[in-house]
Amino acid sequence: MPILETRSLSWPDEAACGQFALSLARHPGIADACIELDGPLGAGKTTLVRHLLRALGVQGRIKSPTYAVVEPYEVVHAGQPLPISHFDFYRFSDPREWVDAGFRDIFARPGLKLCEWAQNAGPERPQADLRLEIQPQPDESRRVLAHAMSQRGKELLA
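Per UniProt numbering, the very first residue in the sequence shown carries number 1; after that it's consecutive.
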């Protein structure tokens, strides 16, 4: 997957993560984006997703899809329905699981896709627009490498 642009970000605290999520939510290109979130356990992948979903208008409980693999949401964004799929492929151990689960159909439809542990889904998964590598630091801050993998990804980083 070619990287078109990389930005290094620093989130000194969770509020900075929330501000980044808010900036993504305000961008019109978010509606059909695919965003991969990489990082070790406890890096803040699900925290970022929760901030982003709240910024997009999701109400109620936002669950981690660790056991369900995918949690669907729908909001109205820019006056249009926006389906959102939050995936967690942590428990995938064989790339065939991607095909067997029928996720190709979800990715073929319009909407925002948020993918934790995407590498576990194997090579069949579609290319992300934006890949965020979140690295916890000793002082509890986060260093983030944001990789634009498509033109939409570059626009989201602008």
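Even for Gly, the Cβ is constructed at its ideal location relative to N, Cα and C.
- Cβ-Cβ separation between I134 and R142: approximately 5 Å, consistent with a contact (criterion under 8 Å).
- By the criterion of a C-beta distance shorter than 8 Å, F103 is surrounded in its chain by V70, F87, A121 and R125, once the five residues flanking it on both sides are discounted.
- In the displayed model, W98 falls within a helix according to three-state DSSP.
- Residues of the same chain with a CB within less than 7 Å of the CB of S10, apart from the 5 flanking positions on each side, are S141 and R143 in chain order.
- With 16 or more other CB atoms across the displayed protein chains lying within 10 angstroms of its CB, T46 is buried.
- Here G29 is actually not in contact with L145; their C-beta atoms are around 20 Å apart, not less than 8 Å.
- Rounded to whole angstroms, the gap between the alpha carbons of V76 and I3 is 31 Å.
- With contacts defined as CB atoms closer than 9 Å, C34 and F89 fail to qualify as a contacting pair.
- D38 and F92 have their C-alpha atoms spaced approximately 15 Å apart.
- Around A78, the same chain offers P28 and A31 as residues with beta carbons nearer than 8 Å, after the five sequence neighbours per side are excluded.
- Assigned with DSSP and collapsed to three states, E5 falls in strand.
- For the pair E36 and L132, the CB atoms are nearer than the 9 Å cut-off.
- The bridge partners DSSP lists for A148 are E5 and L130.
- A check of alpha carbon separations from D94 across Q80, L48, Q119 and D105 identifies Q119 as the nearest.
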